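J.: Here's a structure for you.
There are 4 protein chains.
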Amino acid sequence: MSAKPERQRPERTFIESARRAQIVTAAIETIAEVGYTKTSFAKIAKRARLSSTGMISYHFAGKEDLVGAVTEEVMRVATEFMQPRIRAAQGYTGMLRAYIEANVELLAHHPVHLRALLEILNNARNAAGEPVVDATTISRIGLLTAHLRDGQRAGEFAGFFDPGLMATAVSGAIDAVITSRPPGLDPAACGRELADTFARATRPCSENPDDPKDT
Amino acid sequence: MSAKPERQRPERTFIESARRAQIVTAAIETIAEVGYTKTSFAKIAKRARLSSTGMISYHFAGKEDLVGAVTEEVMRVATEFMQPRIRAAQGYTGMLRAYIEANVELLAHHPVHLRALLEILNNARNAAGEPVVDATTISRIGLLTAHLRDGQRAGEFAGFFDPGLMATAVSGAIDAVITSRPPGLDPAACGRELADTFARATRPCSENPDDPKDT
Amino acid sequence: MSAKPERQRPERTFIESARRAQIVTAAIETIAEVGYTKTSFAKIAKRARLSSTGMISYHFAGKEDLVGAVTEEVMRVATEFMQPRIRAAQGYTGMLRAYIEANVELLAHHPVHLRALLEILNNARNAAGEPVVDATTISRIGLLTAHLRDGQRAGEFAGFFDPGLMATAVSGAIDAVITSRPPGLDPAACGRELADTFARATRPCSENPDDPKDT
Amino acid sequence: MSAKPERQRPERTFIESARRAQIVTAAIETIAEVGYTKTSFAKIAKRARLSSTGMISYHFAGKEDLVGAVTEEVMRVATEFMQPRIRAAQGYTGMLRAYIEANVELLAHHPVHLRALLEILNNARNAAGEPVVDATTISRIGLLTAHLRDGQRAGEFAGFFDPGLMATAVSGAIDAVITSRPPGLDPAACGRELADTFARATRPCSENPDDPKDT
DNA sequence: GATGAATGAGTGTTCATTCAT
DNA sequence: GATGAATGAACACTCATTCAT
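Chains as they are written, first to last, in the working numbering: chain L, -1 to 213; chain F, -1 to 213; chain P, -1 to 213; chain H, -1 to 213.
See the structure below:
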């Protein structure tokens, strides 16, 4: 999230950066196609037309390092796509809608990247059994929770829901839609309807007179 | 989903059924603990106090067969827990609420089973890379979709949402809540709030006068 | 050092014990021939006429486990050879002589075993860089030190040397002789002369009137 | 052992000599720290702050060549330290004492160099499995043997021991002391006591009236 | 001359499955 | 029918060395 994330400590040669990018691309495609579990260095090397798996180990410190690079790349693409859309929206409600719509629309533009990311989030574990990339690293639920809480304080969202739980629900619903790739529905309509759903669920009481419960 | 799923084609001796159950139990615990990816016959055999992995291969046709048996068992437990709660509910809205609440509550009673199931749904792939157990196999989204559509026709749910998409969203939200095990919230309250959320989202226009969109 | 060291927890099948012994034998020969560093599972498997290295991993928990088994076996052979000779000796001086002579003579009877043991002691390290089998495990220097100290108290050895340092010197001298396999000297004479050397070095002042230093 | 061992056949540029020295130093430190077995070009390059292992291969014909250079350097340091001390001693007995003491004292001044040398002597093997640097190459035992024999002829040492065997014993004892780094004993006292030990062991009969054996 | 990139054989280990007993 | 033994492909990763630039 720093201004120049690519200017990290080890200065990389042009050719090395190119190789790394090539490997990362092959890794993304492989993970999206066969799933994280069945992805091996051998398959990635084959897709990247590399002669050996040793090549990947040469450019990346290990499997975790490669997974980290893949995550970074996907997040870069996703952020580049979503951020302008979210920034253009007005108000807390508008931004929530923009976030949901942009996220679903992202599926239409970068389905492979998104599937790879979900595979990593769900499956990648290190030797200790802990997630290699946990959800907080990519800061989805955290940011969403903060946004919902701020919107509640500003009075744009209803006060009767727990922000953390709602953020989890929103994320889960989006991921499920992404994973299931609902056939017959175009992504734009899909995103709009999902945004509608959570707009109704978070609307304040005043606009929602007979709310069934307020905890 | 047949009435007696365990009395399938090959009639099993008592001792064989016991062995299979023992292995399935060990598999569920192992998958829940270390994740599907890191689960191997060796670890299952160790937990089941079997001396060799050959034993598992003897009782199950292969990894897919074992995963299928695990899924069946988890679904049996889940159905046994949820069905009475859902049947006791009144109307489409009440049943939807009961379904969501029962599902979250199930986490409190059978966390190991649920985690194992989610691991399998997310990770288990056959040699061709296709999911071994897809979501439709366990008929969650399908049944939910049908329920939502029927409720729409009966006028209990609003008509402006797509049943399939809403079913996907509901399932995804529940799974996310289950996976994240929100700290500081007790399961009952969690389930109630999640049910509230989708109650608001599916309520008809009449009770929800100024709905922002109706596609 | 327990009475029945082979009656450990896991009861092994006859055939498994045979395989383990076969592998241990091949490992000893390989280590003695090419050195610990150049010994790999592949070479051991080849010598043992096993089809794959996986076989070794099947019978031993890992490289460390195999090295431990090799050490145990060599120590078993060495103890079996040396113990009766040492027990037959009289007095502290006699036992020290017997120990040295038996150790050198052991080289003539089991040169391969001894070379393998020395290779392991000098080279085998675990991932953390620590010796897999340290000298104290096989309790050579520890026992020797105690023997020298007791002999000093009993007045059989001179009091002017440090028992630990002398034990180290004795062990080092023996190992050097073993490693260099002095050509042209028969082992029996070799052992006798080495024992003479340390007999002179440890003899009390009374028999050694003009000792140059007494710290 | 030539007068100017570093001025060998190929005349090297200043910068090349510097690079070689830098690599040799890094190699010594690495071998001493992690052991010869776990030392690789990669680790040496890292310590020498070189960007690639190719650099090492460029300056040295191979691993054996590097090990040779390391040995030369350590021997240079050791000789520089020990030679004046030995030359200053009087008589065969005095020189033997000086040699032993200087060798142990060397450990206090250059522990890293010494550990590296012992690692190489014990572990370094070429492809054929033969030692890359054998003990005779560094001429320790050879020179010592000659010294002992000359001292015997001169009557300073007893005649009843075999010079080669005694030289081996002396070297082995010193190496064992060096390797074990006896805690709680300061190096000077250590060296003195070890020298005492072999002084007693090599003293002629006349000063040692009741010698137990004379072969 | 010097270097970063690449190589491919080799490391120990795990895996699901098969088979003779 | 049941089981311990064996298989061999696959795994991530390291190695010393080579080579085009």
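Backbone N, C-alpha and C fix where the C-beta goes; we use that ideal spot for every residue, glycine too.
None of the values given here were measured: they were computed from a predicted structure.
Methionine 93 (chain L) versus chain F: which residues are under 7 angstroms apart at the beta carbon?
T.: Taking the first sequence and counting its residues from 1, one reaches residue 93 (chain L) at position 95. Simply none; closest approach about 15 angstroms.
J.: CA-CA distance, isoleucine 29 (chain L) and alanine 197 (chain F)?
T.: Reading the first sequence from its first residue, position 31 is the one you call residue 29 (chain L). Reading the second sequence from its first residue, position 199 is the one you call residue 197 (chain F). Isoleucine 29 (chain L) and alanine 197 (chain F): Cα-Cα distance of roughly 37 angstroms.
J.: Relative to the C-alpha of asparagine 124 (chain H), which residue among H:Val102, H:Glu62, H:Phe155, H:Gly89 is closest?
T.: Position 126 of the fourth sequence, counted from the start, is the residue given in the question as residue 124 (chain H). Nearest C-alpha to asparagine 124 (chain H): H:Glu62.
J.: Tell whether a beta-carbon distance below 8 angstroms holds between asparagine 101 (chain F) and asparagine 121 (chain L).
T.: By one-based count along the second sequence, residue 101 (chain F) stands at place 103. By one-based count along the first sequence, residue 121 (chain L) stands at place 123. Cβ distance not < 8 angstroms, so asparagine 101 (chain F) and asparagine 121 (chain L) don't count as in contact.
J.: Let's see if you can read the secondary structure: which residues bound the alpha helix (DSSP H) around proline 82 (chain F)?
T.: Reading the second sequence from its first residue, position 84 is the one you call residue 82 (chain F). Segment 61 to 86, the alpha helix (DSSP H) holding proline 82 (chain F).
J.: Can you name the start and end residues of the alpha helix (DSSP H) that aspartate 184 (chain L) belongs to?
T.: Reading the first sequence from its first residue, position 186 is the one you call residue 184 (chain L). Where aspartate 184 (chain L) is concerned, there is no enclosing alpha helix (DSSP H), given that its DSSP letter is neither H nor E.
J.: For alanine 187 (chain F), tell me which candidate among F:Leu105, F:Leu115, F:Val110, F:Thr166 has the shortest Cα-Cα distance.
T.: Taking the second sequence and counting its residues from 1, one reaches residue 187 (chain F) at position 189. If we check each option's Cα against that of alanine 187 (chain F), F:Leu105 comes out closest.
J.: Strictly below 9 angstroms CB to CB, what residues from chain P border valine 175 (chain H)?
T.: Taking the first residue of the fourth sequence as 1, we reach residue 175 (chain H) at position 177. Chain P residues near valine 175 (chain H): Leu163, Thr166, Ala167, Gly170.
J.: Taking the alpha-carbon of alanine 59 (chain L) as reference, which of H:Ala40, H:Leu64, H:Ala76 has the nearest alpha-carbon?
T.: Looking up residue 59 (chain L) in the first sequence gives position 61. If we check each option's Cα against that of alanine 59 (chain L), H:Ala40 comes out closest.
J.: Decide yes or no for the touch test of the region 159 to 177 of chain P against the region 66 to 80 of chain P: beta carbon pairs closer than 8 angstroms, at least 3 of them.
T.: no
J.: Considering Cα atoms alone, identify which of L:Pro109, L:Ala114, L:Gln81 is closest to alanine 67 (chain L).
T.: As a first step, residue 67 (chain L) is located in the first sequence; it is residue number 69 there, counting from the start. If we check each option's Cα against that of alanine 67 (chain L), L:Ala114 comes out closest.
J.: Which of the three DSSP states is assigned to arginine 123 (chain F) in this structure?
T.: Along the second sequence, one-based indexing puts residue 123 (chain F) at 125. Three-state result, arginine 123 (chain F): strand.
J.: Mark serine 38 (chain F) as exposed unless 16 or more other C-beta atoms lie within 10 angstroms of its C-beta, in which case mark it buried.
T.: Here residue 38 (chain F) is taken as the residue at index 40 of the second sequence, counted from 1. Counting Cβ neighbours within 10 Å, serine 38 (chain F) comes out exposed, since fewer than 16 surround it.
J.: Which residues share a DSSP beta bridge with proline 129 (chain F)?
T.: The sequence position of residue 129 (chain F) within the second sequence is 131, counting from 1. According to DSSP, proline 129 (chain F) bridges with F:Arg123.
J.: Would you say alanine 1 (chain P) reaches chain H, if we count a Cβ-Cβ gap shorter than 8 angstroms as a contact?
T.: What you label residue 1 (chain P) is simply residue 3 of the third sequence in a count that begins at 1. At alanine 1 (chain P), the pLDDT of 42 sits below 50, so the modelled position is not reliable; the number obtained from the coordinates is stated separately. Alanine 1 (chain P) does not count as touching chain H.
J.: Please identify the residue among H:Arg17, H:Ala171, H:Val168, H:Arg179 whose C-alpha is closest to the C-alpha of arginine 47 (chain H).
T.: For the purposes of this step, residue 47 (chain H) is identified with residue 49 of the fourth sequence, where counting begins at 1. For arginine 47 (chain H), the nearest C-alpha among the options comes from H:Arg17.
J.: Would asparagine 206 (chain L) be called buried (16 or more neighbouring beta carbons within 10 Å of its own) or exposed?
T.: For the purposes of this step, residue 206 (chain L) is taken as residue 208 along the first sequence, with counting starting at 1. With a pLDDT of 49 at asparagine 206 (chain L), under the threshold of 50, the predicted position of this residue should be treated as unreliable, though the coordinate-derived value follows. Buried, by the Cβ-count rule.
J.: Output the residue ranges of the alpha helix (DSSP H) runs that lie fully inside the region 147 to 203 of chain H and measure 4 residues or longer, sorted by chain position.
T.: Fully enclosed alpha helix (DSSP H) runs of 4 or longer: 161 to 178, 185 to 200.
J.: Does serine 49 (chain F) come out as helix, strand or coil in the three-state DSSP assignment?
T.: Locating residue 49 (chain F) in the second sequence gives position 51, where the first residue counts as 1. Coil.
J.: Along the region 67 to 88 of chain F, where does the CB come closer than 7 angstroms to a CB of chain L? Name the residues.
T.: none
J.: Excluding the 5 residues preceding and the 5 following glutamate 14 (chain F) in the sequence, name in chain order all residues of the same chain whose CB lies nearer than 8 angstroms to its CB.
T.: For this step, residue 14 (chain F) is matched to residue 16 along the second sequence. Closer than 8 angstroms at the Cβ level, and outside the excluded window around glutamate 14 (chain F), lie His57.
J.: So, helix, strand or coil for lysine 41 (chain F), using DSSP?
T.: Residue mapping note: residue 41 (chain F) aligns to position 43 of the second sequence, counting from 1. Three-state DSSP puts lysine 41 (chain F) in a helix.
J.: Which of the three DSSP states, helix, strand or coil, is assigned to histidine 107 (chain L)?
T.: Here residue 107 (chain L) refers to the residue found at position 109 of the first sequence. Three-state DSSP puts histidine 107 (chain L) in a helix.
J.: Closer than 8 angstroms by C-beta to threonine 200 (chain L): which residues in its own chain qualify, once you throw out the five before and the five after it? Chain order, please.
T.: Position 202 of the first sequence holds residue 200 (chain L). Closer than 8 angstroms at Cβ, skipping near neighbours: Thr91, Leu94, Leu146, Gly149, Phe155, Ala156, Phe159, Met164.
J.: Along the chain, where does the alpha helix (DSSP H) containing phenylalanine 215 (chain F) start, and where does it finish?
T.: No answer is possible for residue 215 (chain F): the residues shown for chain F start at -1 and end at 213.
J.: How many Å lie between threonine 35 (chain F) and isoleucine 118 (chain F) at the Cα?
T.: In the second sequence, counting from the first residue as 1, residue 35 (chain F) sits at position 37. In the second sequence, counting from the first residue as 1, residue 118 (chain F) sits at position 120. Each residue's alpha carbon lies about 9 angstroms from the other.
J.: Any idea if glutamate 78 (chain P) is buried or exposed, counting beta-carbon neighbours within 10 angstroms, 16 or more meaning buried?
T.: For the purposes of this step, residue 78 (chain P) is taken as residue 80 along the third sequence, with counting starting at 1. Glutamate 78 (chain P) comes out exposed.
J.: Using the Cβ count rule (16 or more neighbours within 10 Å means buried), how would you classify arginine 138 (chain F)?
T.: As a working note, residue 138 (chain F) is residue 140 in the second sequence. A buried status is given to arginine 138 (chain F), since no fewer than 16 other beta-carbon atoms sit within 10 Å of its beta-carbon.
J.: Out of H:Arg179, H:Asp184, H:Ala171, which has the shortest C-alpha to C-alpha gap to threonine 195 (chain P)?
T.: Looking up residue 195 (chain P) in the third sequence gives position 197. Of the candidates H:Arg179, H:Asp184, H:Ala171, the one whose C-alpha sits nearest the C-alpha of threonine 195 (chain P) is H:Ala171.
J.: Would you decide whether aspartate 209 (chain F) is buried or exposed? Buried here means 16 or more other CB atoms lie within 10 Å of its CB.
T.: The residue you call residue 209 (chain F) lines up with position 211 of the second sequence. At aspartate 209 (chain F), the pLDDT of 46 sits below 50, so the modelled position is not reliable and the matter cannot be decided from this model.
J.: Does the beta carbon of glutamate 191 (chain P) sit closer than 8 angstroms to a beta carbon anywhere in chain H?
T.: As a position in the third sequence, residue 191 (chain P) is number 193, starting the count at 1. It does; some Cβ of chain H falls within 8 angstroms.
J.: For a contact defined as C-beta to C-beta under 8 angstroms, what are the partners of tyrosine 38 (chain F) on chain L?
T.: Position 40 of the second sequence, counted from the start, is the residue given in the question as residue 38 (chain F). Reading off the sequence shown, one finds serine at residue 38 (chain F), where the question assumed tyrosine. Correct list: empty, because the minimum Cβ distance to chain L is about 12 angstroms.
J.: Let me check understanding here. Comparing Cα to Cα, which of P:Ser178, P:Ser169, P:Ala25 lies closest to histidine 111 (chain P)?
T.: If you number the third sequence from 1, residue 111 (chain P) lands on position 113. With distances taken between Cα atoms, histidine 111 (chain P) lies closest to P:Ala25.
J.: When you compare the CB positions of glutamate 103 (chain H) and proline 202 (chain H), do they come within less than 8 angstroms of one another, or not?
T.: As a first step, residue 103 (chain H) must be located in the fourth sequence, where it is residue number 105. As a first step, residue 202 (chain H) must be located in the fourth sequence, where it is residue number 204. Cβ atoms of glutamate 103 (chain H) and proline 202 (chain H): not closer than 8 angstroms.
J.: For the candidate residues L:Met53, L:Val175, L:Val168, L:Arg179, whose alpha-carbon lies nearest to that of tyrosine 97 (chain L)?
T.: For this step, residue 97 (chain L) is matched to residue 99 along the first sequence. Comparing Cα-Cα distances from tyrosine 97 (chain L) to each of L:Met53, L:Val175, L:Val168, L:Arg179, the minimum goes to L:Val168.
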